[in-house]
Amino acid sequence: MRTGAVRRRVAAAAPRRAGAVHLWHSGAMSRLLVFQHVAAEPLGTLDPLIRARGHRISFKNFEREPDAVPQVDRYRGLIVLGGPMNVQDHPHRAHLRHEMRAIEQMLAQGKPVLGICLGAQLLAHVLGAPVQRNPVKEIGWYELHKTAAGASDPVLAPLQARSTVFQWHGCRFDIPRSAVHLASSADCAQQAFRHGDTAYGFQFHLEMDERLIERWLATPAYRDELAGAGLAHDEHAIRAQTRQHIAGLQQQAAAVFNNFLDLVGQPQRRRTLPSREWV
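For the sequence shown, our numbering gives the first residue as 1231, with consecutive numbering after it.
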């Protein structure tokens, strides 16, 4: 993939860049578009928050439709969920290429984008940042540290300076040059970023509840990954830590997600970018 070309054309969509500009008003839109990769990784606690706002959710389920080509123009915003695949799989997973093109289009239109785990890695890649294996896997509960920029960020501000969040990943992204670094952990320095005013990437999972965590622990592929990760804790430790931390996570997550959803209701600037093909 031509990372340099990607960086150039996405940079053209940055809010400060001059160009062909017109305004669209989000009131004309009716849905949020959600990219889901596997049934085991849904919206979680984010789902009822979206519906409480009166938004309709349009899912593009790539497990069922691996060759689907999303059309983004009629949506208010985009949420890209996690999954067991990696950005590096794009040569033999057409949907990853289609997703990256859709992310690029949403950025060009100035619409809100939220990437979670794999979704954050796809967003970072579109913005020209490397995505690679993290030295260790983070699976379970880990302490997250906000940066100074994260402390004042309008979306991430509700998270405590040090929060315990749920993780499940083996890859990491670098912070894109156009982005602001918002959070880190001891084992993975790049945990969250913001591009412009409305695009966010979170490596961690704020959308979890006890039922969803238990679902992951019961899914054979996830169980095998945990068993082979060489970590000091096992599923029993994760369950115990879940009982300790889940209430605090959900309270902070609701505030963070509602701040992001506030962006969906705002008019945005739309910019026309040259059309290029992903390779």
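All residues carry an ideal CB built from backbone N, CA and C; glycine is no exception.
* Opposite Cys1401 in the DSSP bridges: which residues? -> BP columns for Cys1401 point to Arg1363.
* Is it buried or exposed for Val1264, if we count other Cβ within 10 angstroms and need 16 for buried? -> Here Val1264 is buried, its C-beta having at least 16 other C-beta atoms within 10 Å.
* contact_flag[the region 1392-1401, the region 1358-1369] where n(CB pairs < 8 Å) is 3 or more -> A contact exists between the region 1392-1401 and the region 1358-1369.
* Asked: Should Ser1382 be labelled buried (16 or more other beta-carbon atoms within 10 Å of its own) or exposed?
  -> Classification for Ser1382: exposed.
* For the candidate residues Gln1362, Ala1387, Gln1390 and Glu1465, whose alpha-carbon lies nearest to that of Ala1419? -> Comparing Cα-Cα distances from Ala1419 to each of Gln1362, Ala1387, Gln1390 and Glu1465, the minimum goes to Gln1362.
* Asked: In angstroms, rounded to a whole number, what distance separates the CA positions of Trp1254 and Gln1301?
  -> With a pLDDT of 38 at Trp1254, under the threshold of 50, the modelled position of this residue cannot be trusted; read the value that follows with caution. Looking at the two C-alpha atoms, the distance is approximately 17 Å.
* Other residues of its chain near Phe1490: CB distance less than 7 Å, five sequence neighbours each side excluded -> Cβ neighbours of Phe1490 beyond the five flanking positions: Pro1342, Leu1344, Val1385 and Tyr1430.
* To do: Can you tell me which of Ala1378, Ala1409, Glu1373 and Ala1332 puts its alpha carbon nearest to the alpha carbon of Ser1393?
  => Nearest neighbour of Ser1393 by Cα position, chosen from Ala1378, Ala1409, Glu1373 and Ala1332, turns out to be Glu1373.
* Asked: Rounded C-beta distance between Leu1412 and Phe1423? I'm assuming under 8 Å.
  -> With 8 Å as the limit, Leu1412 and Phe1423 qualify as a contact, their Cβ atoms being about 6 Å apart.
* Asked: With distances taken from CA atoms, which of Glu1437, Gly1284, Ile1280 and Cys1347 is nearest Met1315?
  -> Met1315 has its Cα closest to that of Cys1347, out of Glu1437, Gly1284, Ile1280 and Cys1347.
* Alpha carbon to alpha carbon, how far is Arg1306 from Gly1284? Give it in angstroms, no decimals. => Between the alpha carbons of Gly1284 and Arg1306 lies a distance of about 12 Å.
* Segment limits, alpha helix (DSSP H) that includes Phe1490 -> Per DSSP, the unbroken alpha helix (DSSP H) holding Phe1490 starts and ends at Glu1465 to Val1494.
* Asked: Does the beta-carbon of Gly1460 have 16 or more other beta-carbons within 10 angstroms, so that it is buried, or is it exposed?
  -> It is exposed - the Cβ of Gly1460 has fewer than 16 other Cβ atoms within 10 Å.
* Go ahead and pull the three-state DSSP assignment for Gly1458. => In the structure shown, Gly1458 sits in a helix (DSSP, three-state: H, G or I).
* Are Leu1357 and His1425 touching if we call contact CB-CB under 7 Å? -> Cβ atoms of Leu1357 and His1425: closer than 7 Å.
* Asked: To which residues does DSSP link Gly1307 through a beta bridge?
  -> Under DSSP, Gly1307 takes part in a beta bridge, and its partners are Leu1262.
* **Whole-angstrom distance between Asp1439 and Ile1476, CA atom to CA atom** => Rounded to the nearest whole angstrom, the CA to CA distance from Ile1476 to Asp1439 is 7 Å.
* Any idea which residues DSSP pairs Leu1344 with across the strands? -> According to DSSP, Leu1344 bridges with Ile1309 and Tyr1430.
* **Leu1337 in three-state terms, based on DSSP** => In this structure, Leu1337 counts as helix in the three-state DSSP scheme.
* **C-alpha distance - Glu1329 paired with Gln1339, whole-angstrom precision** => So the two alpha carbons sit approximately 15 Å from each other.
* Helix, strand or coil at Leu1412 according to DSSP, with G and I counted as helix -> Strand at Leu1412.
* To do: Compare the beta carbon distance of Phe1432 and Ala1350 with 7 Å and say whether it is the shorter of the two.
  => Their beta carbons are under 7 Å apart, which means Phe1432 touches Ala1350 by this criterion.
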